[in-house]
Every structure is written in C-alpha cells, then in structure tokens.
Amino acid sequence: MSEAYDLTEVMTISDMAYTILKQNQNPLHYKEIFDEISNVKQVKNSGSVQSCIYAQEPFIRMGDGYWGLTEWLLNGLSFIYVLSPLEYERGVLRVDYDHEIYFPGYIKKSEAKFKIQNREHKIIRKNTQTFMVEDLYEIEEIEPNDKLVIEILDIDNLEYKIYKWDEVVSELKDRRDNFDKKVRELAFQVLKEQRGIMSSARILEQILIKTLDNEDNNDFRILPLPPISEIISDDRRFKERLPGMFTLNL
19 MSEAYDLTEV MTISDMAYTI LKQNQNPLHY KEIFDEISNV KQVKNSGSVQ SCIYAQEPFI
79 RMGDGYWGLT EWLLNGLSFI YVLSPLEYER GVLRVDYDHE IYFPGYIKKS EAKFKIQNRE
139 HKIIRKNTQT FMVEDLYEIE EIEPNDKLVI EILDIDNLEY KIYKWDEVVS ELKDRRDNFD
199 KKVRELAFQV LKEQRGIMSS ARILEQILIK TLDNEDNNDF RILPLPPISE IISDDRRFKE
259 RLPGMFTLNL
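All residue numbers for the sequence shown refer to this note's numbering, where the first residue is 19 and numbers rise by one.
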C-alpha cells in the first residue's frame, strides 16, 4: 500500500488516480499521478495513466496535462429547473442536455435523495435520464411549469435540496441579469478557445473549470445557474447546430 495515499495493487489505474485526486483535493499533472501509482503497481509509462483516465467521466482536464475531479465543480452549485407539464403528468424528472452534468451517468446509484425544507424524499433513478418523483410533486405541492432551484449537496451520493423559486427570488433579483450576462460571455470565451461545436453540458463544464476557486466569480457558488442553451440561443454570436449543440456564428 502507498504510504501517501490509500492505494493497493488490486486497484485499477483509474481507481488509483481517483483516490489520489480525491485525497489530494487539488489538480495534479498526470506524471505526478503516474509517480504515485508506480510506487504500488508497475505501469508502462505516464502516458498510459493519462489514457486510462482520459475517457472516464469522474475526471476533468484542468489545464495542460493537469487533471481534477468532476465533483469539485458540482458540489455546492445550484441550478434552475422548470417542470414541464408532461413531466408532471408522468411523475418524472427528466434530465435533458442542459442538466445532464448535474446528474452524472457515471454514478451508478439507483436512488437519489431530494430534500425540501426538513423533509427528505428517496427518489428512484429509473435510468440516467429519468427519476421517478410522482410522490414528491404531490406531497410538496409542486405544479406544472413551476420554477425550481436545485442545490447539489453531495454529487457522489446524488443528494440534492430543492427550493421553490418564490422562496429565493427576492435574494437573487438584483444580481440575476448581471450573472446571466457573465455566463453568456464565458460561454463565448469557451467556444472561441475550442473552435468547434460543443454541447451545452460541455460548455458549462468548461465555464465551471474557469471559475473554480476564482474569487472574482463567487456568484457561481451563490446564484443558481440558468440552462446554458436558454441564455445563449437568443444571442446572435451563437448558432445552435443541433438541439443542445452550439458553435460561434462567425
């Protein structure tokens, strides 16, 4: 076992990398991760470590060769969710392309916990895009077209807290417009740097990386994030090629 990290030889490379980053709580270069893994397990080269974690959803690239964990971006965030009449009728919460980042498919849990005030609801996760929440809507008197604010409490365990918009709108009113503008400008920067087509979820991920631990962007830890596609679709600088897929209109 590694003395610095809780690693054992039977763990996969990606499991070791996750453990190292989880315990370190800061981004690391893949060569640093390789060095730690090599203390426990024979690995061909540092590039093979990066290859193992490159396509794994728990990991995010946070710079040239530097890696972090998706959960660092998400815990403590809140986002806006509007319940459609069809979802209400079917008693489900659907995860669309604007919200998939908040309900990661790589977390293989069959239940989520939604808290409202001091009440907790255990929600069945039917699949990566569908939560069965009929009882919650009825008990909490949530209606079609209600605007909700959902806060991520613990992404690893799919724990969330729900607020009705009326409960928080007075606190947000003065800062909302400027915040939406800031998100829009960051989306423009991301697409300009990437020079291609990106999903709204991918755009949001890159925005969150840019704003992580940045004191100038504390609003991202205070204000609920709007659906990215909603706030950029009416800006002529952006072009929606496919639903949820954007590029710059240059």
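All residues carry an ideal CB built from backbone N, CA and C; glycine is no exception.
This one's a predicted model, so the numbers in the text were calculated from it and none came from an experiment.
**Report entry** Cα-Cα separation between H139 and D172, rounded to whole angstroms
**Finding:** 15 Å
**Report entry** Inter-residue Cα distance where the pair is G109 and D53
**Finding:** 49 Å
Report task. Enumerate in chain order the residues of its own chain whose CB-to-CB distance from K179 is below 8 Å, with the five nearest sequence positions on each side excluded. Result -> F132, K133, I134, I168, E169 and L171
Query raised in the report: Do the CB positions of K228 and L204 come within less than 8 Å of each other?
Result: yes
Report task. Can you grab the Cα-Cα spacing for the pair K257 / R193, in whole Å? Result -> 27 Å
Report task. Assign F264 to one of three DSSP states: helix, strand, or coil. Result -> strand
Query raised in the report: Residues in its own chain within less than 6 Å of L92 by CB, not counting five upstream and five downstream?
Result: I170 and I173
Query raised in the report: How big is the Cα-Cα spacing for G94 and N236?
Result: 12 Å
Query raised in the report: According to DSSP, what are the bridge partners of L243?
Result: F97
Report task. Jot down the residue ranges of each uninterrupted beta strand (DSSP E) in the segment 146 to 195, minimum 3 residues, whole runs only, in chain order. Result -> 148 to 150, 165 to 172 and 177 to 182
Requested in this report: For S20, I'd like the list of residues in its chain whose CB is within less than 7 Å of its CB, leaving aside the five on either flank, ordered along the chain.
Outcome: With a pLDDT of 48 at S20, under the threshold of 50, the modelled position of this residue cannot be trusted; read the value that follows with caution. If we look at S20 and ignore the five residues flanking it on each side, its Cβ neighbours are E54, N57 and V58.
**Report entry** Pick from E152, G262, M80 and Y48 that is closest to P103, judged by C-alpha positions
**Finding:** E152
Report task. Drop a sphere of 10 angstroms on the beta-carbon of A73, count the other beta-carbons inside from all chains shown, and report buried for 16 or more, exposed for fewer. Result -> exposed
Report task. Using three-state DSSP, classify E258 as helix, strand or coil. Result -> strand
**Report entry** Run of the alpha helix (DSSP H) containing M34, from where it starts to where it stops
**Finding:** I31 to N42
Report task. Over the uninterrupted alpha helix (DSSP H) stretch that includes L92, give me the two end residues. Result -> T88 to L92
Query raised in the report: Thinking C-beta only, is F197 closer than 8 Å to L226?
Result: no
Report task. Let me know the secondary structure DSSP gives K144 once reduced to three states. Result -> strand
Query raised in the report: Near E75, which residues of its chain fall below 8 Å by C-beta distance, leaving aside the five closest residues on each side in sequence?
Result: T88, P122, G123 and Y124
Requested in this report: Might you give, ordered along the chain, the residues of its own chain that have their beta carbon closer than 6 Å to the beta carbon of L39, omitting 5 neighbours on each side?
Outcome: L87
Report task. Could you please give the first and the last residue of the uninterrupted beta strand (DSSP E) stretch that includes L230? Result -> Careful: L230 lies outside any beta strand (DSSP E) and carries neither H nor E.
Report task. Note down the Cα distance separating P45 from Q60, rounded to an integer number of angstroms. Result -> 23 Å
Report task. Put A73 into one of helix, strand or coil per three-state DSSP. Result -> coil
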